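I have placed the structure first, in the form of structure tokens, so that the comments after it can refer back to it.
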Amino acid sequence: MTESWRKTDKKLYFPKGVEQVTVPATNYIALTGVGDPNQPAFSANITALYSVAYALRFALKGGAAGEPYVYTVYPLEGVWTTTDGSRGANLNKAALAYRLMIRQPAQVTSALFEAAVATATKKKGLAELVNVTFEQFPETTAVQALHVGSFDTEGETFAKMDAYLTENNLRRIPVVDQYWHREIYLSDFRRVEEAKRKTLLRYRVQN
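Put into structure tokens, the structure is as follows:
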């Protein structure tokens, strides 16, 4: 039976309004980049990440970690900031800095990751694969909300999240390094029309 994050982790991915959640310690594969996400380099980075994600899925299905484990690949995520401080209506997309990620099951180890990169490199030969890393993130407290629509209107949802922080005496802290918010793409933005895109927006917070 295939394990699906849409069923097992509903609380983490499908909030009703603005909600505070505890995000468990998690494994990720990641790739860092800069620049406008509408440019080819961004798409190439996504392709590289997914090639490793599916190599890992195939390996776990085949019993590489012991008992065969079949699961649905987790959604693409991104943590974002800018190199020039621009934001909102004045956002300079060319100055965007990001780290793309795909969550991985607990069974994935550094050794399995390295083997998956080797497999993906042999099959795909993508130059971006040398930049993919395996990372482990600790448990965190977060505030999140579901945004439906264009990325350009995310400010409306962020405003609701900011109001929640004020009402609950919470403050934002960087998600990781210099990155200040996380986006989890529940819809494939390469295929779904803007008005129907579902993006989970998440802040890391503390009292």
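Under full-length UniProt numbering, the first residue of the sequence shown is numbered 1, with each subsequent residue one higher.
Ideal Cβ positions, reconstructed from N, Cα and C, are used throughout, including at glycine.
Remember, predicted model here, so these are calculated numbers, not experimental data.
- In terms of Cα proximity to GLY88, the closest of LEU201, GLU156 and SER4 is GLU156.
- Inclusion of ALA48 and LEU96 in the CB contact set at 7 angstroms is not warranted, their separation being larger than that value.
- The three-state secondary structure of LYS198, taken from DSSP, is strand.
- Secondary structure at TRP180: coil, using DSSP grouped into helix, strand and coil.
- Just measuring C-alpha positions, the residue of LYS93, THR141 and ALA59 sitting nearest ASN207 is THR141.
- Boundaries of the beta strand (DSSP E) harbouring ASN27: 26-34, taken from the DSSP string.
- Assigned with DSSP and collapsed to three states, MET161 falls in helix.
- ASN169 is not a Cβ neighbour of GLN104, given a cutoff of 7 angstroms.
- A contact between stretches requires three or more CB pairs, one per stretch, nearer than 8 angstroms, and the stretch 156-166 meets this requirement with the stretch 186-206.
- Boundaries of the beta strand (DSSP E) harbouring VAL21: 19-23, taken from the DSSP string.
- GLU128 sits in a helix when the DSSP states are folded into three classes.
- When the five nearest sequence neighbours on each side are left out, the beta carbons in the same chain lying within less than 7 angstroms of the beta carbon of ALA94 are those of GLY35 and ASP36, in order along the chain.
- Within its own chain, the residues whose Cβ lies closer than 6 angstroms to the Cβ of TYR74, once the five positions on either side in sequence are excluded, are TRP5, ILE102 and ARG103, listed in chain order.
- Residue burial annotation: GLU77 is buried, with at least 16 other C-beta atoms found within 10 angstroms of its C-beta.
- Beta-bridge partners of LEU76 (DSSP): ILE102.
- When C-alpha distances from PHE189 are compared across ARG197, ALA25 and ARG182, the shortest belongs to ARG197.
- VAL70 and GLU19 have their alpha carbons spaced roughly 30 angstroms apart.
- The Cβ-Cβ distance between VAL132 and LEU31 falls below 7 angstroms.
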